[in-house]
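J.:
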Amino acid sequence: MALAKRIIPCLDVDAGRVVKGVQFVDIRDAGDPVEVAKRYDQQGADELTFLDITATHDNRDTMHHVVEAVASQVFIPLTVGGGIRTVADIRKMLNAGADKVGINSAAVKRPEFVREAAEKFGSQCIVVAIDAKRVSAENEPPRWEIFTHGGRQATGLDAVEWAKKMVAFGAGEILLTSMDKDGTRSGFDLELTRAVSEAVIVPVIASGGVGGLQDLADGILEGHADAVLAASIFHFGQHTVGEAKKKMAEQGIEVRL
Amino acid sequence: MSRIAVIDYGMGNLRSVSKALENVAPDAQVVVSAEAAEIQAASHIVFPGVGAIRDCMSELQSRDLLGLLKQAASEKPFLGICLGMQAMLSFSEENNGVTGLGLFSGQVRYFKQAAAAGLKVPHMGWNQVYQRQAHPLWQGIADTSRFYFVHSYYADPDKTVEIAGESSYAHSFTAALARDNIFAVQFHPEKSQHAGLQLLKNFVQWDGQV
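Protein sequence lines correspond, in order, to chains H and Y.
Going by the numbering used here, the first sequence opens with residue 560, and the numbers climb by one from there.
Going by the numbering used here, the second sequence opens with residue 30, and the numbers climb by one from there.
Here it is as structure tokens:
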């Protein structure tokens, strides 16, 4: 027996509420974060990820309260991302009860920030979030580029090379989102997931595009991800985490039941 | 009434640990502190930690905690967690070699074989723990229960009789150590849901006898 593959429900939080949009628009309310977190904990979620999707100053305090409230009732690892830009931001989130923070745009803007954060708090709590879009043409070898600002801004950075660089700088984990797939419910970008997972030594979380339980299993079996992240299939009662684990276990994937 | 001191030496997320203790022991007093008086007054000591070993040992040294911790470890229920556990061994190969507290004779080693075998390092996630001895802290926890781990180094104690639990990642490694009133775990009980909370509950109720 060995290490279990993880299922991580993702809670997009806006002004203290869980929301879920499709490709960053059409936001639907999905409930109170503490209640949602407790439900996933009871269903057997292995970790939870909170993304502060607006990350304005006012909302930042709201987010600290959300994390504090969840951390006093849910005893599994919590990752918080969105608007993490300084060492002080990280310290505040960890003090609120987060175990890991996700760093995205701030890493693109200044990669040294990841090194400083990892030196200060340890690699185990530094997750670098990568939003990637396929930029190669149909007949070319696949290539993905990093985008920031919710997928609106191209950076010119190659996703696989960027992931390797972030790990060299101290990232303890990569949260990899396919911007092409996010919100489409058509499955992960498995080629992207596999390319990054095989390029780095640290765990990779596949994200973006889950529409059904088989997509989660495929992320592990074909994408070689160490963990799979999904939002809407859990938020609106379509499936439970327990059903997802059962589906994965049936295909020989090691899970925590 | 239990009075639990969580040692605060600037390494890692102490809030998770204190919240979990408060959850399992609502009647206990939980203090997060590096004060000598608090450590001496406590009935139970929790020594957590995440990050790198060199910073850990130098923080302990600069806060004058080395002697206090050794003293506490010789007389009351004492629980090391993650880096806290690793700091309790004689020596760690992390950061080009760092001397530890020496509460357990042995080394802390990098997951070299796992990395060579293509496994991800850090070893991160839920892994099974095989209980290698009966112990009050395992009470009510099924053997092979999964706990949450996140670490790149593991303890390799000299005395196998001190191994309380093992897990596997490319090879067997020590997931828990025990001797007299000391227990130490590589995983994070405060993040291991039911099994982890049960272990913390057992610790708070433990009198240090085996």
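Ideal Cβ placement from N, Cα and C applies to all residues, glycine included.
Please report how far the alpha carbon of Y/H164 lies from the alpha carbon of Y/I68, in whole angstroms.
T.: 25 angstroms
J.: Drop a sphere of 10 angstroms on the beta-carbon of H/L816, count the other beta-carbons inside from all chains shown, and report buried for 16 or more, exposed for fewer.
T.: exposed
J.: Could you list which residues in chain Y have their beta carbon closer than 7 angstroms to that of H/S631, in chain order?
T.: K48
J.: If you measure between the beta carbons of H/L772 and H/K806, is that distance less than 7 angstroms?
T.: For H/L772 and H/K806, yes; Cβs fall inside 7 angstroms.
J.: So within the segment 34-75 of chain Y, which uninterrupted alpha helix (DSSP H) runs reach at least 4 residues, ignoring any that extend past its ends?
T.: 43-53 and 65-70
J.: Can you check DSSP and say which residues form a bridge with Y/A205?
T.: Y/G194 and Y/V214
J.: Please tell me whether Y/Q222 has its Cβ less than 7 angstroms away from any Cβ of chain H.
T.: yes
J.: Taking a cut of 8 angstroms between CB atoms, which residues from the segment 769-790 of chain H lie near chain Y?
T.: D785 and A786
J.: Using only CA atoms, which one of Y/W235, Y/Y182 and Y/R175 lies nearest to Y/F202?
T.: In this structure, Y/Y182 is the residue among Y/W235, Y/Y182 and Y/R175 with its C-alpha nearest to the C-alpha of Y/F202.
J.: Relative to chain H, which residues along the segment 141-170 of chain Y have a C-beta separation below 7 angstroms, given in chain order?
T.: A144, K149, V150, P151, H152, M153, G154, W155, N156 and Q157
J.: Under 7 angstroms, CB to CB, which of the residues in the segment 55-82 of chain Y have a partner in chain H?
T.: V79, G80 and A81
J.: Buried or exposed for Y/N125, please, with buried defined as at least 16 other CB atoms from any protein chain shown within 10 angstroms of its CB.
T.: It is exposed - the Cβ of Y/N125 has fewer than 16 other Cβ atoms within 10 Å.
J.: In whole angstroms, give me the CA-to-CA distance for H/S745 and H/E675.
T.: 37 angstroms
J.: Hey, H/Q683 and Y/V179: beta-carbon distance below 7 angstroms or not?
T.: yes
J.: So, with DSSP's three-state summary, where would you put H/Q582?
T.: Confidence is the limiting factor: at H/Q582 the pLDDT is only 49, short of 50, which leaves the residue's position unreliable and the question unanswerable from this model.
J.: If you compare alpha carbons, which of H/H783, H/A604, H/Q602 and H/F793 is closest to H/I733?
T.: H/H783
J.: H/G762 touches chain Y at which residues, Cβ-Cβ below 8 angstroms?
T.: It should be pointed out that residue 762 of chain H corresponds to Pro in this sequence rather than to Gly. Near H/P762 (Cβ distances below 8 angstroms), the residues of chain Y are K149, P151, M153 and G154.
J.: Would you mind working out which of Y/S31, Y/V75, Y/G147 and Y/V127 sits nearest H/A758, comparing C-alpha positions?
T.: Of the residues Y/S31, Y/V75, Y/G147 and Y/V127, the one whose Cα lies closest to the Cα of H/A758 is Y/G147.
J.: Taking all protein chains shown into account, do 16 or more other C-beta atoms lie within 10 angstroms of the C-beta of Y/T173, making it buried, or fewer, making it exposed?
T.: exposed
J.: So, does the segment 124-142 of chain Y touch the segment 194-210 of chain Y, judging by three or more C-beta pairs under 8 angstroms?
T.: yes
J.: I'd like to confirm the pairing. Which residues does DSSP put opposite H/G590 in its beta bridges?
T.: H/V577
J.: Can you name the residues that DSSP bridges to H/K806?
T.: H/K806 is not bridged by DSSP to any residue.
J.: How would you list, in chain order, the residues of chain H whose beta-carbon sits under 8 angstroms from the beta-carbon of Y/E122?
T.: By Cβ distance, chain H contributes nothing, its closest Cβ being about 17 angstroms from Y/E122, past 8 angstroms.
J.: So, under 8 angstroms CB-CB, Y/F76 and Y/G131 are touching, yes? Tell me the CB distance rounded to an integer number of Å.
T.: Actually they are not in contact, since the Cβ atoms of Y/F76 and Y/G131 sit about 14 angstroms apart, beyond 8 angstroms.
J.: Taking only the alpha-carbon atoms, compute the straight-line gap between H/F583 and H/F706 and give it to the nearest angstrom.
T.: Residue confidence is low: H/F583 scores 49 on pLDDT, short of 50, so the model does not pin down where it sits. No coordinate-derived value is stated.
J.: Among the candidates Y/E104, Y/V59 and Y/F232, whose CA atom is the shortest distance from the CA of Y/A213?
T.: If we check each option's Cα against that of Y/A213, Y/F232 comes out closest.
J.: Output the boundary residues of the alpha helix (DSSP H) element that contains Y/A163.
T.: Y/A163 -> no alpha helix (DSSP H), and no H or E assigned at all.
J.: So, are the CB atoms of H/D611 and H/L637 less than 7 angstroms apart?
T.: no
J.: Identify, in the order they occur along the chain, each residue of the same chain with its Cβ nearer than 6 angstroms to the Cβ of H/A563, setting aside the five sequence neighbours on each side.
T.: E813, V814 and R815
J.: Which residue comes first and which comes last in the alpha helix (DSSP H) that contains H/S664?
T.: S664 to K668
J.: Consult DSSP for H/V755 and reduce its assignment to one of helix, strand or coil.
T.: helix
J.: Have a look at Y/L229 and H/V629 and give me their C-alpha separation to the nearest angstrom.
T.: 19 angstroms
J.: At what residues does the alpha helix (DSSP H) containing H/M725 begin and finish?
T.: For H/M725, the uninterrupted alpha helix (DSSP H) run begins and ends at A718 to A727, by DSSP.
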